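> Here the protein sequences line up with chains A and B, keeping their order.
So the first sequence is numbered by my numbering: it starts at 44 and just counts up by one.
So the second sequence is numbered by my numbering: it starts at 44 and just counts up by one.
Heads up, the beta-carbon is just placed ideally off N, CA and C, and yes, glycines get one too.
Computed from a predicted structure; not experimentally measured.
Just passing along the structure, written as structure tokens.
Number of protein chains: 2
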Amino acid sequence: MRFSIGEFSRITAFSVKTLRLYHEKGILVPAHVDPSSGYRFYDGENYHRARGIRTLREFDFSIAKIRTLFEECDEKSSDVLGPLEQKLAEVEKTIERYKGISRSIASIIETEKETAMDQPHEFEIEEKQLDTVLIAGHRMTGRYEEVGRGLGLVCRKMGRQMNGKPMTLYHDGEYKEEGADFEPCVPIRKGKDGEGISVRELPGGRCVSLIHRGPYENLHESYKQVFGYINEKGYTSKIPSREVYLKGPGMIFKGNPNNYLTEIQVLIEE
Amino acid sequence: MRFSIGEFSRITAFSVKTLRLYHEKGILVPAHVDPSSGYRFYDGENYHRARGIRTLREFDFSIAKIRTLFEECDEKSSDVLGPLEQKLAEVEKTIERYKGISRSIASIIETEKETAMDQPHEFEIEEKQLDTVLIAGHRMTGRYEEVGRGLGLVCRKMGRQMNGKPMTLYHDGEYKEEGADFEPCVPIRKGKDGEGISVRELPGGRCVSLIHRGPYENLHESYKQVFGYINEKGYTSKIPSREVYLKGPGMIFKGNPNNYLTEIQVLIEE
DNA sequence: CCTTGACTCTCCCCCAGGGGGAGACCCTAT
DNA sequence: ATAGGGTCTCCCCCTGGGGGAGAGTCAAGG
């Protein structure tokens, strides 16, 4: 019943480094230390202590906590239940935290996959019918670069009520460097006005649509195509026009702007 | 759109220390660093990056991983799904691990509570009827100190089949320093022989019982009382006698030996 | 113009829970 | 006596920051 540190390491499955650390920290003191050589020697009692420490470490107790636990326990009547119950509560909280993380990651993966699915390489102008949808919007005046901020605002406010891709309504009939009148918004299941958010039904109708691939700076090229088509067909466009962000910078990563997908929708008189 | 590090800290809820660390690690490089003063200045793009980093940190991504993620993502077509799915799997594994820990702690608390419940301060000799129980035992010959080891062996082998307090059967009719014949065992629900373990029914019957409080070295005092009582009553004792460990050193902590509770049971002829 | 107070800079040390390795002893077998 | 394996202490490294010292910077007020 007298083991060198190497043997004891094989017995307990603690590394020699770890055993020395535990000695230094005072939670696993060798039964005997040779005064001249400094060699550590462990005995059966050390073995039991080591098993206890392994269990407690698996329970995520810190070394310091383990020491106080053993100190309390060696001396007076042991109240080991208290710390154990406390640790149990901690562990439950940790589980809940990780469950939340799991849900968040899963939802991001899901939305990310959705956008990654349908990516044809060529897009053409098409006419289609849009349904009326309930939206929450935040109307603002300024420069187009502000769109992202407004969109973030709306999305954060609506949270899990979101029910479709975010988009922007452009209430101007023209392009404006500054003082543009636009409205970042998002389809929702339900919601209320408040804090700059307007909730209402956005009427549908017949529209001309074109999906634009690439950075937002080049959107005007696609707009040109859309309005060219409308004029050619003799249609009359309605205001507001819409940009639907099928695939944009995403929540975490900017992604490659060349892969951004934005659908331009312009409703026409019927 | 130009923030000093203090302002940016308030905006992003990262400490100044953390922001400097993220700069050094290359995951959040200020838009501008004054060359003469070394002051850091952040812009709107930095803000979005910071939000992404916060999300990823909440997902438990390491800083190094975050950097590679952003690097991959800034350059080529982003494969952010892969790492996210991998992280999701990690998180699920972590949840399972913590659930296991939770179960272990809960079971320890439960058994610990059971033993802590019924602790009268005075114990007296009593006669009672023992039922026949199925046990798994490991018969061995040697010194009494070996009991603990044998008990550990049996308990580990039977695991969740255990169905009562561990005990030892003493097959000798006398006290022996060495070469004692005893059998650490534990009641079980079911099980099979093997690896030195013998599974069988332990017959019950009328017995004389006394609960001993204190360290095992003093057990002989209680034995004296039990056999004195048996002789006084004119009973005839049967072999093996039993020691049931109601409260012993426990799985993790030794506890206070003065609180150990051991029930001595000696069956008598009827 | 100077001072003052608030900011910010770099640099160093600290934590947990070890890992890796250098250089020096120690122990036993041949 | 020597070789090889074990062991010792001491120091630096990792992650994700926190705390603080000492020096430099900035803007506002007197």
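Quick one: residues in its chain with C-beta nearer than 8 Å to the C-beta of GLY185/B, no 5 flanking neighbours on either side, listed in chain order?
Counting from one through the second sequence, the residue named residue 185/B turns up at place 142. Taken in chain order, the residues that qualify are GLU221, GLY222 and ALA223.
> Taking CB distances under 8 Å as the criterion, tell me whether ILE54/B reaches chain A.
To locate residue 54/B, count along the second sequence from 1; it is residue 11. So, not an interface residue.
> Listing by chain order, which chain B residues have their CB less than 8 Å from the CB of THR7/A?
Outside the shown range of chain A (44 to 313) lies residue 7/A, about which nothing can therefore be said.
> According to DSSP, simplified to helix, strand and coil, what is LYS142/B?
Along the second sequence, read from residue 1 onward, the residue named residue 142/B stands at position 99. It is helical.
> Name, going along the chain, the residues of the segment 78–112 of chain B whose beta-carbon falls closer than 9 Å to a beta-carbon of chain A.
GLY87, GLU88, HIS91, ARG92, ARG94, GLY95, ILE96, THR98, LEU99, GLU101, PHE102, ASP103 and LEU112
> Use the C-beta contact count for SER79/A: other C-beta atoms within 10 angstroms, 16 or more gives buried, fewer gives exposed.
For the purposes of this step, residue 79/A is identified with residue 36 of the first sequence, where counting begins at 1. SER79/A should be labelled exposed.
> Would you call VAL76/A buried or exposed, if buried means 16 or more other Cβ atoms sit within 10 Å of its Cβ?
As a first step, residue 76/A is located in the first sequence; it is residue number 33 there, counting from the start. Burial call: exposed.
> Do you know whose CA, among PRO246/B, ILE54/B and HIS263/B, lies nearest ILE254/B's CA?
Taking the second sequence and counting its residues from 1, one reaches residue 254/B at position 211. The shortest C-alpha separation from ILE254/B is found at HIS263/B.
> Determine the contact status of LEU64/B and ILE48/B, defining contact as a CB-CB distance below 8 Å.
Residue 64/B sits at position 21 when you count from the first residue of the second sequence. Residue 48/B sits at position 5 when you count from the first residue of the second sequence. Contact: no.
> Closest by CA to LYS136/A, which one among ILE144/B, LYS130/B, ILE70/B and GLU133/B?
Mapped onto the first sequence, residue 136/A falls at position 93. It is ILE144/B.
> Closer than 8 Å by beta-carbon distance: list the chain B residues that pair up with LYS156/A, in chain order.
Numbered from its first residue, the first sequence carries residue 156/A at position 113. Those are LEU124, listed as they occur along chain B.
> Which residue from HIS91/A, THR175/A and TYR259/A puts its Cα closest to that of GLU286/A?
Position 243 of the first sequence, counted from the first residue, corresponds to residue 286/A. Considering only HIS91/A, THR175/A and TYR259/A, the residue with the shortest C-alpha distance to GLU286/A is TYR259/A.
> Is the beta carbon of LEU177/B closer than 8 Å to that of PRO246/B?
Along the second sequence, one-based indexing puts residue 246/B at 203. Along the second sequence, one-based indexing puts residue 177/B at 134. Not a contact, by the Cβ cut-off of 8 Å.
> Are there 16 or more other CB atoms within 10 angstroms of the CB of TYR303/B, so buried, or fewer, so exposed?
Numbered from its first residue, the second sequence carries residue 303/B at position 260. When all chains shown are included, TYR303/B counts as buried.
> Does ASN274/B pass the burial test, meaning 16 or more other C-beta atoms within 10 Å, or should it be called exposed?
Numbered from its first residue, the second sequence carries residue 274/B at position 231. Burial call: exposed.
> Since GLU128/B meets chain A, which of its residues come closer than 7 Å, beta carbon to beta carbon?
As a position in the second sequence, residue 128/B is number 85, starting the count at 1. Those within 7 Å of GLU128/B in chain A are ILE152.
> For the segment 276–294 of chain A and the segment 102–111 of chain B, state whether three or more C-beta atom pairs, one from each stretch, are separated by less than 8 Å.
Remark: fewer than three beta-carbon pairs, one from each stretch, lie closer than 8 Å, so the segment 276–294 of chain A and the segment 102–111 of chain B are not flagged as touching.
> Quick check: CYS116/A and GLY298/B, are their CB atoms within less than 8 Å of each other?
Position 73 of the first sequence, counting from 1, holds the residue named residue 116/A. Position 255 of the second sequence, counting from 1, holds the residue named residue 298/B. For CYS116/A and GLY298/B, yes; Cβs fall inside 8 Å.
> Rank VAL72/B, TYR213/B, MET210/B and ILE151/B by C-alpha distance to the C-alpha of GLU114/B and give the top, closest one.
Within the second sequence, residue 114/B is the residue found at index 71, counting from 1. With distances taken between Cα atoms, GLU114/B lies closest to VAL72/B.
> Less than 7 Å between C-beta atoms, sequence neighbours within five positions excluded: which residues of the same chain meet that for PRO292/A?
Working through the first sequence from its first residue, we reach residue 292/A at position 249. Once the five neighbours on either side are set aside, the close Cβ partners of PRO292/A are GLY298.
> My parser needs the beta strand (DSSP E) runs of 3 or more residues fully inside the segment 199–285 of chain B; what are they?
210–213, 223–230, 241–245 and 248–256
> What is the DSSP secondary structure of ILE96/A, reduced to helix, strand or coil?
For the purposes of this step, residue 96/A is taken as residue 53 along the first sequence, with counting starting at 1. Here ILE96/A sits in helix by DSSP.
> Name the DSSP bridge partner or partners of GLY180/B?
Sequence index remark: in the second sequence, residue 180/B carries index 137 (1-based). Partner(s): CYS228/B and SER241/B.
> Using a Cβ-Cβ distance under 8 Å, would GLY298/A count as near chain B?
Against the first sequence, residue 298/A aligns to sequence position 255. Taking Cβ atoms only, chain B reaches closer than 8 Å to GLY298/A, which makes this a yes.
> Kindly identify the DSSP beta-bridge partner or partners of GLN172/A.
Taking the first sequence and counting its residues from 1, the one referred to as residue 172/A is at position 129. In the DSSP output, where bridge partners are listed per residue, GLN172/A has ARG249/A.
> Sorted by chain position, which residues of the same chain lie with C-beta nearer than 7 Å to ILE151/A's C-beta, five sequence neighbours on each side aside?
For the purposes of this step, residue 151/A is taken as residue 108 along the first sequence, with counting starting at 1. Counting only residues of its own chain and dropping the five nearest sequence neighbours on each side, ILE151/A has a CB closer than 7 Å to the CB of MET294.
> If LEU131/A sits next to ALA149/B, beta carbons under 8 Å apart, how far is it from one beta carbon to the other, in whole angstroms?
The sequence position of residue 131/A within the first sequence is 88, counting from 1. The sequence position of residue 149/B within the second sequence is 106, counting from 1. Their Cβ separation, rounded to whole angstroms, is 6 Å, which keeps LEU131/A and ALA149/B in contact under 8 Å.
> First and last residue of the alpha helix (DSSP H) that includes PHE51/A?
Translated into the one-based positions of the first sequence, residue 51/A becomes position 8. Where PHE51/A is concerned, the enclosing alpha helix (DSSP H) stretches over 48–55.
> Can you check DSSP and say which residues form a bridge with ARG83/A?
Residue numbering aside, residue 83/A sits at position 40 when the first sequence is read from its first letter. ARG83/A pairs with VAL76/A.
> Could you spell out where the beta strand (DSSP E) holding GLU306/A opens and where it closes?
Locating residue 306/A in the first sequence gives position 263, counting from the first residue. 304–310 is the span of the beta strand (DSSP E), which, as asked, contains GLU306/A.
> Between MET294/A and chain B, is there a C-beta pair that is closer than 8 Å?
Looking up residue 294/A in the first sequence gives position 251. Output row for MET294/A: interface = yes.
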